[in-house]
Amino acid sequence: MSDRGAPIIYYLIQSEEIPIIELFIQHGCQLYTIMQDDCGHDMPVLFSALKAETPLNVVEALLPLNKPVQEEMLYKILYRGCTVLEVALDQNVNPEVFSLLIDRGGPLLLCERNQINQTVRDLAIASCKTQYVDIMDSSISSWILYPWKYPGRRLKLAVYGWNLEAIEEELKKNLYVDDYFVHHKPLQIQMKQLADAIEKGDMKTFLEIQSSLSELDESVNLLWYGRVVDDGMPHLHRAVLHNQLKMVEIILAAKPPKESIDNLFDQNRRTALHYAYASASMEEIKRLLMTYGCSEHVLDKMNREPLDFRDKRDSSEMIQLLHRLKTKDFSWYENDPWKLERLVDECSHSDEGEESSDEESELSEEEEMLGTRSCVIF
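Residue numbers for the sequence shown follow full-length UniProt numbering, beginning at 1 and rising by one.
Given below as structure tokens:
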């Protein structure tokens with residue numbers, strides 16, 4: 001480690017030493033190692049490579065093809081609450097680098113949503129970055145048209161809630177689509193019906209659809225991994241939010257044996273335990289989740305853990321937060337139940353600063369500019 005906790009791979013990235021980067025990666029160098037950006041924020045070292053000037057061969061060396069658990073790593077790491085693709089889009093990386101990140105990250109990363117329910121494709125459209133939109137659409141088309149080349153990816157697109165209708169008409173012109181839309185659109189419709197049953201507490205319909213989903217496709221655990229189209233909420237989180245204890249029990253029983261419950265996130269990167277801790281009425285659900293090994297210390301995109309939600313349990317701000325999620329009102333950003341504490345903390349730091357000498361507290365014009373500039377990936 002060196003300046004700002006930067007590991008040696010950081011310096012290799014900056015110097016573009018391709019053979020040495022490849023050697024370090026082959027010997028287990030981890031790209032999720034935390035360093036600090038120029039403002040002191042934690043940053044997995046991979047993000048230091050996501051800059052417009054970074055050449056493709058550097059990123060290829062960092063992310064070799066078919067490396068085990070690489071998809072999971074790319075999905076999990078965040079920088080200031082943003083995913084690898086969101087940061088890459090914001091930094092205007094080389095289009096070939098962006099395409100490579102999609103290929104290495106796969107459907108789960110591409111289907112990830114932000115706090116106001118936008119995918120990275122939505123963000124690219126909103127910022128008029130059509131070149132990146134075309135890259136994403138091309139990748140999706142390839143996954144659907146050539147399943148033998150990208151095994152499992154077109155199924156995952158449907159399971160993770162990608163809107164298939166947006167691409168159906170164009171791809172149906174291709175002879176290789178076969179029965180993809182015929183098979184997977186009903187799957188998505190039934191996952192929506194399952195979500196509706198959870199929200200209404202309709203156990204009869206829930207059980208009927210659960211059985212039907214297992215018959216539709218047995219190659220993936222739809223009850224555990226499934227998402228509704230244009231909605232990043234897993235069924236488990238939805239059942240917890242709506243305080244459906246029996247449904248939570250059934251979904252937990254479907255958990256794959258080797259899968260950790262702490263790896264199932266919603267669009268806020270929260271586990272089900274975050275929400276179970278938010279209301280005293282969910283105490284029984286909370287205890288059930290704990291028996292399945294849920295951790296109290298998993299951080300969401302705002303760096304809040306389940307214990308933070310417990311501290312604000314049943315407060316008016318927390319009730320508002322839960323209501324927004326239940327009603328799926330993504331027209332406004334989530335309220336911050338911890339805002340008051342944060343302001344108090346900032347004020348206390350300000351008071352400490354006022355006690356210092358005038359000589360120490362007075363900033364030159366240049367220093368003020370440096371202090372107020374936005375953070376950059378360095």
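Note that the Cβ used here is the ideal one computed from N, Cα and C, for glycine as well.
Nothing here was measured: the structure is a model prediction, and the numbers come from that model.
Please report how far the alpha carbon of Asp-179 lies from the alpha carbon of Arg-153, in whole angstroms.
As a first step, residue 179 is located in the sequence shown; it is residue number 179 there, counting from the start. As a first step, residue 153 is located in the sequence shown; it is residue number 153 there, counting from the start. Using only the alpha carbons, I get a separation of about 15 Å.
Cβ atoms of Tyr-150 and Ser-138: under 8 Å apart, would you say?
Position 138 of the sequence shown, counted from the first residue, corresponds to residue 138. Position 150 of the sequence shown, counted from the first residue, corresponds to residue 150. Not a contact, by the Cβ cut-off of 8 Å.
Which residue from Lys-76, Ser-315, Pro-19, Ser-15 puts its Cα closest to that of Ala-49?
Here residue 49 corresponds to residue number 49 of the sequence shown, with the count starting at 1. Ala-49 has its Cα closest to that of Ser-15, out of Lys-76, Ser-315, Pro-19, Ser-15.
Select from Glu-215, Pro-147, Glu-334, Asn-268 the residue whose C-alpha is nearest the C-alpha of Arg-113.
In the sequence shown, residue 113 corresponds to position 113, counting from 1. Here the closest residue by C-alpha is Asn-268.
Under 8 Å between the Cβ atoms of His-323 and Asp-300?
The count along the sequence shown starts at 1 and reaches residue 323 at position 323. The count along the sequence shown starts at 1 and reaches residue 300 at position 300. No, the pair does not count as a contact, with Cβ atoms beyond the cut-off.
Would you kindly check if the distance between the Cβ of Leu-164 and the Cβ of Gln-193 is under 8 Å?
Taking the sequence shown and counting its residues from 1, the one referred to as residue 193 is at position 193. Taking the sequence shown and counting its residues from 1, the one referred to as residue 164 is at position 164. The answer is no: Cβ separation not under 8 Å.
Around the Cβ of Leu-340, are there at least 16 other Cβ atoms within 10 angstroms (buried) or fewer (exposed)?
The sequence position of residue 340 within the sequence shown is 340, counting from 1. The residue in question, Leu-340, is exposed, as its Cβ has fewer than 16 Cβ neighbours within 10 Å.
Give me the DSSP bridge partner(s) of Met-43.
As a position in the sequence shown, residue 43 is number 43, starting the count at 1. According to DSSP, which records beta bridges pairwise, Met-43 is partnered with Met-35.
How would you label Tyr-10, buried or exposed, when you count the other beta carbons within 10 angstroms and need 16 or more for buried?
Here the question's residue 10 lines up with position 10 in the sequence shown. Buried: at least 16 other Cβ atoms inside 10 Å.
Among the candidates Thr-33, Thr-291, Leu-307, whose CA atom is the shortest distance from the CA of Val-298?
Numbered from 1 along the sequence shown, position 298 holds the residue referred to as residue 298. Closest option to Val-298, Cα to Cα, is Leu-307.
Among Gly-201, Cys-29, His-237, whose alpha-carbon lies nearest the alpha-carbon of Leu-264?
As a working note, residue 264 is residue 264 in the sequence shown. Closest option to Leu-264, Cα to Cα, is His-237.
Quick one: any contact between the region 92–99 and the region 54–61, if contact means 3 or more CB pairs under 8 Å?
Yes: at least three Cβ pairs fall under 8 Å.
What would DSSP say about Cys-128, mapped onto helix, strand or coil?
Counted from its first residue, the sequence shown places residue 128 at position 128. In the structure shown, Cys-128 sits in coil (DSSP, three-state: anything other than H, G, I, E or B).
DSSP beta-bridge partners for Cys-82?
Start at 1 with the first residue of the sequence shown, and residue 82 comes out as number 82. Answer by DSSP bridge pairing, in chain order: Tyr-79.
Are the beta-carbon atoms of Ile-209 and Val-248 separated by less than 8 Å?
Position 209 of the sequence shown, counted from the start, is the residue given in the question as residue 209. Position 248 of the sequence shown, counted from the start, is the residue given in the question as residue 248. No. Outside cutoff.
Ser-127 to Val-93, Cα distance in whole Å?
The residue you call residue 127 lines up with position 127 of the sequence shown. The residue you call residue 93 lines up with position 93 of the sequence shown. Their backbone Cα atoms lie some 14 Å apart in a straight line.
On the premise that Met-136 lies in contact with residue 409, defined as a C-beta separation below 8 Å, what is that separation, rounded to the nearest angstrom?
Since the first residue of the chain shown is 1 and the last is 378, residue 409 is not available in this structure.
Looking at the structure shown, is Phe-309 part of a helix, part of a strand, or coil, going by DSSP?
What you label residue 309 is simply residue 309 of the sequence shown in a count that begins at 1. DSSP places Phe-309 in helix when its eight states are reduced to three.
Sort Ala-6, Asn-66, Glu-317 by Cα distance to Met-43 and report the nearest one.
Translated into positions along the sequence shown, residue 43 becomes position 43. Of Ala-6, Asn-66, Glu-317, the residue nearest in Cα terms is Ala-6.
Using a Cβ-Cβ cutoff of less than 6 Å, which residues in the same chain neighbour Lys-156 once the five nearest sequence positions on both sides are dropped?
Here residue 156 refers to the residue found at position 156 when the sequence shown is read from its first residue. Result list for Lys-156: Pro-107, in chain order.
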